[in-house]
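Engineer: Plus 371 on top of the position in the sequence shown (first one is 1) and you've got the numbering used here. Even for Gly, the Cβ is constructed at its ideal location relative to N, Cα and C. Quick one: structure below, then a few questions.
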Amino acid sequence: MTTNADTRRVLTDTDSFVFPVDVSRRATTGAQPVLPRLRPDQVARGLATFGSELALACAAWEGGAEAEAMTVLRAPVARSTTDAVLGPLATRDRDRVAELVLAWVDSLGPVIAADRPPARWSRVRRAERRARQGLEGALADLHVERPPVAAVELAAGVQVPIAAGAWLLVLLAEHPEAAELAREHGLAAEVAWEVLRLRPPTWVSARMTTRDVTVGEGRVPAHAVVLVSPLLLGLDDAHVPPGTSHPEEFDPARWSGTDVRPGAWLPFGAGPHACPGRSLGLAQLTALARWALGRRVTLVTPARIDQTRGIFPSPARLRCLPGPSPVEE
Numbered sequence: 372m373t374t375n376a377d378t379r380r381v382l383t384d385t386d387s388f389v390f391p392v393d394v395s396r397r398a399t400t401g402a403q404p405v406l407p408r409l410r411p412d413q414v415a416r417g418l419a420t421f422g423s424e425l426a427l428a429c430a431a432w433e434g435g436a437e438a439e440a441m442t443v444l445r446a447p448v449a450r451s452t453t454d455a456v457l458g459p460l461a462t463r464d465r466d467r468v469a470e471l472v473l474a475w476v477d478s479l480g481p482v483i484a485a486d487r488p489p490a491r492w493s494r495v496r497r498a499e500r501r502a503r504q505g506l507e508g509a510l511a512d513l514h515v516e517r518p519p520v521a522a523v524e525l526a527a528g529v530q531v532p533i534a535a536g537a538w539l540l541v542l543l544a545e546h547p548e549a550a551e552l553a554r555e556h557g558l559a560a561e562v563a564w565e566v567l568r569l570r571p572p573t574w575v576s577a578r579m580t581t582r583d584v585t586v587g588e589g590r591v592p593a594h595a596v597v598l599v600s601p602l603l604l605g606l607d608d609a610h611v612p613p614g615t616s617h618p619e620e621f622d623p624a625r626w627s628g629t630d631v632r633p634g635a636w637l638p639f640g641a642g643p644h645a646c647p648g649r650s651l652g653l654a655q656l657t658a659l660a661r662w663a664l665g666r667r668v669t670l671v672t673p674a675r676i677d678q679t680r681g682i683f684p685s686p687a688r689l690r691c692l693p694g695p696s697p698v699e700e
């Protein structure tokens, strides 16, 4: 789908378009659970945790040491998301769940990257199953309702912000002039949106038709797979302010002083299965942008796009030094 209207139709018409597989690439049966959007108090709790954990994770990095962005962001994002989704937990319980979420996310990597869904008793499938069951067991011990559903919500709320955050740091390092302009004008939120436009971690999503349907000017038969791509939508001239730089350029300032609202490319999806943690994810990215704009982040080696599971930068080795001044909220 290459237009906003067609994409929104595919994502919101859950009678005609369904998920062909779940997060583990297993065939789905029946309707997928609809997760409630995080409440403002949950977002605030998660954001507070993200800020404190980011400071801890970056304390040794800020003196000019090299670090891998995806690694630096793992604990801050996982603990932040766990706090937001599960509510106030003892620090030990929160950190244990966060570690298990990361373990499951890591085990999903080979499953997602495989050319075809791995067999049930393959090594990667067994490893993924052990990690998932370990997380679900820990959630059950904490009396969390519907542990399998909560596990999926936690995993989705961890992997995507880590990848988006790594891209944010890489793009700021690759474009020092744009970073300086954003710092001078306090464009942290604009940086976050521009990253989600150019490097949406969930760059493509699949649905399967349940019957013959008409989408746009085309006819799609039943049981066909339909792909929607926030990445392609974000590169469309129609979804960026007119008169700004080319859509393929990283230019956070394009979102400053314009009536065009960001997000028309649907980076968080749409409809009942839109990302329930979108407010937290955007808040985490904005907080990270504010942190990065107050420092000087440089690339150690060029980053490339890895498409084995979404899109993320690999390598994303960066060096961080103190900047001229902090960026105000």
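Got a sec? Which residues, its chain only, sit under 7 Å from D464 by beta carbon, not counting five neighbours each side?
Structural biologist: Correct list, in chain order: L513.
Engineer: Report the option in A609, D607, V389 and W538 whose CA atom is closest to the CA atom of G681.
Structural biologist: W538
Engineer: Which of the three DSSP states is assigned to L598 in this structure?
Structural biologist: strand
Engineer: Closer than 7 Å, CB to CB, is G665 near chain D or not?
Structural biologist: Absent from the structure: chain D. Only one protein chain is present.
Engineer: Taking all protein chains shown into account, decide if I676 is buried (16 or more other Cβ within 10 angstroms of its Cβ) or exposed.
Structural biologist: Exposed, since its Cβ has fewer than 16 Cβ neighbours within 10 Å.
Engineer: Please confirm if the region 645–664 is in contact with the region 515–528, defined as three or more CB-CB distances below 8 Å between the two stretches.
Structural biologist: yes
Engineer: In terms of residues, what are the limits of the alpha helix (DSSP H) holding P693?
Structural biologist: No alpha helix (DSSP H) holds P693; the beta strand (DSSP E) holding it covers R688 to P693.
Engineer: Go through its chain and collect everything with a Cβ distance to T378's Cβ below 7 Å, but skip five positions before and after it.
Structural biologist: Result list for T378: M372, V599, L604 and L637, in chain order.
Engineer: From which residue to which residue does the beta strand (DSSP E) around G589 run?
Structural biologist: G589 to V591
Engineer: Do the region 661–671 and the region 406–416 touch if we need at least three Cβ pairs shorter than 8 Å?
Structural biologist: no
Engineer: Can you tell me whether G627 is helix, strand or coil according to DSSP?
Structural biologist: In the sequence as displayed, the identity of residue 627 is Ser instead of Gly. DSSP places S627 in coil when its eight states are reduced to three.
Engineer: Looking at the secondary structure, which residues open and close the beta strand (DSSP E) in which V468 lies?
Structural biologist: Counting along the chain, V468 falls outside any beta strand (DSSP E), though it belongs to the alpha helix (DSSP H) covering T462 to A484.
Engineer: Looking only at its own chain, which residues have a Cβ that is under 8 Å from the Cβ of V472, when we skip the five neighbours before and after it?
Structural biologist: A449, T452, T453, L506, A522, L525, A526 and V529
Engineer: Using 8 Å as the threshold, is the region 540–549 in touch with the region 486–502, meaning 3 or more CB pairs across them?
Structural biologist: no
Engineer: Exposed or buried, which one is S387 when buried takes at least 16 other CB atoms within 10 Å?
Structural biologist: buried
Engineer: Name, in chain order, the residues that DSSP records as bridge partners for P684.
Structural biologist: I676
Engineer: What first and last residue would you give for the alpha helix (DSSP H) that runs through E561?
Structural biologist: A559 to L569
Engineer: Please check the pair M579 and V389, which I expect to be a contact at CB under 8 Å, by giving their CB distance rounded to whole angstroms.
Structural biologist: 6 Å
Engineer: Mind reading off the beta-carbon distance from F421 to P447? Whole number of angstroms is fine, and I expect it under 8 Å.
Structural biologist: Contact between F421 and P447 holds, since their C-beta atoms are separated by about 5 Å, short of 8 Å.
Engineer: State yes or no: is the C-beta of A534 within less than 7 Å of the C-beta of A660?
Structural biologist: no
Engineer: Let's see if you can read the secondary structure: which residues bound the beta strand (DSSP E) around E437?
Structural biologist: E437 to E439
Engineer: For T580, report the span of its beta strand (DSSP E) as first-last.
Structural biologist: S576 to T580
Engineer: On the DSSP bridge assignment, give the partners of F639 in chain order.
Structural biologist: F639 pairs with nothing; no bridge assigned.
Engineer: Short check: CB of W564 to CB of W626, under 7 Å?
Structural biologist: yes
Engineer: On the three-state DSSP scale, how would you describe T585?
Structural biologist: DSSP places T585 in strand when its eight states are reduced to three.
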